[in-house]
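Numbering (this note's numbering), first residue to last: 83 to 364. Glycine residues also receive a C-beta, built at the ideal position from the N, C-alpha and C atoms. Every value quoted in this text rests on a predicted model; they were computed, and no experiment measured them. Each remark here refers to the structure printed beneath this line.
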């Protein structure tokens, strides 16, 4: 069991006039940089032009921010109903990662269509790298405190004592809470490593994207139980329902991508190539 860890770090790194740079923003930028450069490397290994990754990154980030913010606003409309203009104050915190990932994924799909880039290998590279960026970004959440878990009820966990921490509930101050962001960043980095192992063994476009989506959805569904947020339906929170939806999407895409054969076999596109060109004889 982990020890009691007191977090007394001001979420604001420094002020520049009326603006403030938060540790959270810094770690998001670090995650975007690491994710983009890693995606470019992985894209090159798949025979794609890495410049397309850099070109898509700007739109993916913008789309992700909009999607993440709107998803959070829908979930916590009670906080914005009286002052809708505060929806624009993203710098104050308040985003939903699932919304950002879904919006970012749609941007990737649109980008590949616009520039006639093969979607599956491009999505493999971007998704594999995105889970790394997600893990790095969670370091900022540790300082921010905005995704702290429910109280542990014991003498272990994160204890937020800095008055600037953006805890979900005021009652969480000076109380041991589940270190949700630590749980997730460990899982994110584990998925990142597992995908490298999988990529060496299965060289079929689309597998990395689909496996990553399903694994992350499973992680989010499970870990969300340690967070205390309003239930949407049947006792499940927004993130859990979105996780269920993404697992369903992943299964649907598996069927669309690989037809009636198992994932370890060739995809529909690969089988079409074999049917056209014929088997390769050594």
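Would you kindly check if the distance between the Cβ of residue j and the Cβ of residue i is under 8 Å?
{"i": "residue 214", "j": "residue 274", "result": "yes"}
{"i": "residue 237", "j": "residue 258", "result": "yes"}
{"i": "residue 321", "j": "residue 180", "result": "yes"}
{"i": "residue 218", "j": "residue 113", "result": "yes"}
{"i": "residue 294", "j": "residue 277", "result": "yes"}
For the ligand ADP, is there any heavy atom lying closer than 7 Å to the beta carbon of residue i?
{"i": "residue 129", "result": "Although the ligand ADP was asked about, the structure shown includes no ligands whatsoever."}
Among the options, which residue has its Cα nearest to the Cα of residue i?
{"i": "residue 262", "options": "305, 292, 281 and 340", "result": "305"}
{"i": "residue 121", "options": "107, 105, 138 and 160", "result": "138"}
{"i": "residue 210", "options": "96, 340 and 296", "result": "296"}
{"i": "residue 303", "options": "291, 290 and 317", "result": "317"}
{"i": "residue 269", "options": "298, 335, 107 and 116", "result": "298"}
{"i": "residue 290", "options": "231, 232, 335 and 325", "result": "335"}
{"i": "residue 247", "options": "86, 327 and 226", "result": "226"}
{"i": "residue 337", "options": "292, 96 and 324", "result": "292"}
{"i": "residue 89", "options": "103, 183, 178 and 239", "result": "239"}
{"i": "residue 265", "options": "220, 326, 104 and 97", "result": "220"}
{"i": "residue 197", "options": "330, 133, 267 and 116", "result": "133"}
{"i": "residue 128", "options": "285, 329, 326 and 87", "result": "285"}
Quick check: what's the CA-CA separation for residue i versus residue j?
{"i": "residue 332", "j": "residue 212", "result": "17 Å"}
{"i": "residue 283", "j": "residue 301", "result": "23 Å"}
{"i": "residue 245", "j": "residue 254", "result": "11 Å"}
{"i": "residue 216", "j": "residue 164", "result": "32 Å"}
{"i": "residue 109", "j": "residue 251", "result": "23 Å"}
{"i": "residue 135", "j": "residue 235", "result": "45 Å"}
{"i": "residue 167", "j": "residue 148", "result": "15 Å"}
{"i": "residue 352", "j": "residue 280", "result": "Because the pLDDT of residue 352 is 49, which lies under 50, any placement of that residue in the model is unreliable, and the question is left without a value."}
{"i": "residue 94", "j": "residue 107", "result": "9 Å"}
{"i": "residue 233", "j": "residue 85", "result": "14 Å"}
{"i": "residue 97", "j": "residue 91", "result": "15 Å"}
{"i": "residue 116", "j": "residue 161", "result": "33 Å"}
{"i": "residue 192", "j": "residue 327", "result": "21 Å"}
Give me, in chain order, the residues of the same chain whose beta-carbon lies closer than 6 Å to that of residue i; leave out the 5 immediate sequence neighbours on both sides.
{"i": "residue 229", "result": "223, 262 and 263"}
{"i": "residue 186", "result": "142, 145 and 146"}
{"i": "residue 194", "result": "201 and 204"}
Enumerate in chain order the residues of its own chain whose CB-to-CB distance from residue i is below 8 Å, with the five nearest sequence positions on each side excluded.
{"i": "residue 130", "result": "199, 200, 203, 204 and 207"}
{"i": "residue 319", "result": "306, 309, 311, 312 and 313"}
Might you give, ordered along the chain, the residues of its own chain that have their beta carbon closer than 7 Å to the beta carbon of residue i, omitting 5 neighbours on each side?
{"i": "residue 324", "result": "180"}
{"i": "residue 102", "result": "94"}
- Message: Measuring CB atoms only, is the segment 200-207 touching the segment 153-164, in the sense that at least three cross pairs come out at less than 8 Å?
- Response: no
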